[in-house]
Each structure stands twice: as structure tokens, then as C-alpha cells.
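Engineer:
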Amino acid sequence: KNQVEQSPQSLIILEGKNCTLQCNYTVSPFSNLRWYKQDTGRGPVSLTIMTFSENTKSNGRYTATLDADTKQSSLHITASQLSDSASYICVVSAPYGGSQGNLIFGKGTKLSVKP
Amino acid sequence: DGGITQSPKYLFRKEGQNVTLSCEQNLNHDAMYWYRQDPGQGLRLIYYSQIVNDFQKGDIAEGYSVSREKKESFPLTVTSAQKNPTAFYLCASSITGSNTEAFFGQGTRLTVV
């Protein structure tokens, strides 16, 4: 079964600090990998999307990396702000996901940024 | 504004009742999805539809039903057969194909009272 594992499960950092979230996946074949931000009680919003041929993609203070050989991705947040407090979800696209659908979700990393 | 709209935001259901969650999109997307999210869990697929008048069961379809009579609408009915329906429900839509972005609604929180 296709799986996406994220770590850590939760993370607390001080405002202004950087942090890195990890995503490992076993999805095969693989179309693309996305990172979403989900505020509490809201729907997820896309941050970045990368195909297997891309190594890095940035969106403001968010930078995602992808190593398709090791099936690992990371999301780096620079100079964190209080508004970065949210869950960050790694989603891998599987063309033949079957009953899982073609989007395989990780459980997310809950980030808390403290003043 | 283009987007995907879920309603209501909060819904309370008595045990034994069926309830229907609404999902409407004006993005002209062919594919629509329903997910369930429980605390500490990833999103799990309930049903998805790639085209009007067609839909497929996801991993946790038991106790749920859907219809796709119009491209813009994909309502989800939580039936009395669903034994643990209290959860956060998310609807999404995308252009058909796995290489595209899914856009999510703001969710409906269903509570059984």
C-alpha cells in the first residue's frame, strides 16, 4: 500500500527561528509531491508542488526539496512567524492509487511558533 | 470568486439520522473528492468522482453515499449506518489527472449528539 510518513509529529519553535519538516514516501509510481498548510478548522492550502525531476522549489519563506532516488522531501521554513502555526501536510500523487485515490496524504506535522 | 464551497461549517446530527453535506465548485473541475479527517490522522478518502454521473469508493466508503448529477456539485450523505460519524469532512476538486493541484473547501465539522 502507498504510504507517506512525516516527521516530527509536532514541533515547537520560537518566532524568528528556522525549521525543517520531513516527508518519506513509498508511493510508486509517483507523479508529484506537494506540501499543504492547514490552519486549525480550515481546509488545506497548497504551498509547493514538485515533479520527480525537480529538486527544489520556493514559495516566499517556504522552500521544499525533493530527492526522488531516496523518496524523501523536506519543507524548510525560514524566519518563522506566529502565522506559520499550522499543520503541514505532505501529499504524494499516485496515478494508480486505487481505493486510496490518486492523492496519498501524510498525517501532517503540527507546528507551533511561540513569541 | 472562483472556488470550492462547503456548507454548513458546523453540523449536529442525532443518532440514527441521515445528514447531507454540501460541496459546490465553480472552477470547472471534472474531479471531486470527499475526505474525512480525524485528530492525529491523515486525510482518508471516502468517495471520489472523475466525471458527472460516475463515482468510486475510497478506503472508507461504508456508511456514506454520494451523487454527481452536476459537474459543480458533489453532495455527501452520512447515513445512520456510519457508526462513528463525528469528524471533520473536507471536499476537494481538481482537473482530471494526477499531475494537478487539488483545491479544498473550508470543511464541515459533523458532531453526533
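Chains as they are written, first to last, in my numbering: chain A, 421 to 535; chain B, -14 to 98.
For each residue, glycine too, the CB sits at the ideal point set by N, CA and C.
A quick note: this is a predicted structure, and the numbers were derived from the prediction, not measured.
(1) Which residues of chain A have a Cβ atom closer than 7 Å to the Cβ of Q26(B), listed in chain order?
(2) Output needed in chain order: residues of the region 448 to 464 of chain A with a Cβ under 9 Å from some Cβ in chain B.
(3) Go through its chain and collect everything with a Cβ distance to A16(B)'s Cβ below 6 Å, but skip five positions before and after it.
(4) Alpha carbon to alpha carbon, how far is Y456(A) from V511(A)? Give it in angstroms, no decimals.
(5) Is there a Cβ of chain B sitting closer than 7 Å to that of G521(A), yes or no?
(6) How would you call S513(A), buried or exposed, if buried means at least 16 neighbouring beta carbons within 10 angstroms?
(7) If you check the beta carbons only, do N444(A) and E425(A) fall under 7 Å apart?
(8) Tell me whether S503(A) sits in a helix, a strand or coil according to DSSP, three-state version.
(9) According to DSSP, is A77(B) part of a helix, a strand, or is it coil?
(10) When you compare the CB of Y32(B) with every CB in chain A, is at least one pair closer than 7 Å?
(11) From T93(B) to T483(A), what does the alpha carbon distance come to, in whole angstroms?
(12) Do Q91(B) and R462(A) come within 7 Å of each other at the CB atom, strictly closer than that value?
(13) List the whole-angstrom C-beta distance separating Q442(A) from S466(A), where the pair is believed to meet the contact cut-off of C-beta under 8 Å.
(14) I need the straight-line Cα distance from S(-8)(B) to T460(A), nearest angstrom please.
(15) So, for N38(B): in the same chain, excluding its five sequence neighbours on each side, which residues have a beta-carbon less than 8 Å away from its beta-carbon?
Structural biologist: Reading from the atomic positions:
(1) K527
(2) S451, N452, R454, Y456, Q458, G461, R462, G463, P464
(3) Q35, S79, T81
(4) 8 Å
(5) yes
(6) Classification of S513(A): buried, given that the 10 Å Cβ count is 16 or more.
(7) yes
(8) helix
(9) strand
(10) no
(11) Approximately 30 Å between the Cα atoms of the pair.
(12) yes
(13) No, Q442(A) and S466(A) are not in contact; Cβ-Cβ is about 19 Å, not under 8 Å.
(14) 17 Å
(15) R53, E54
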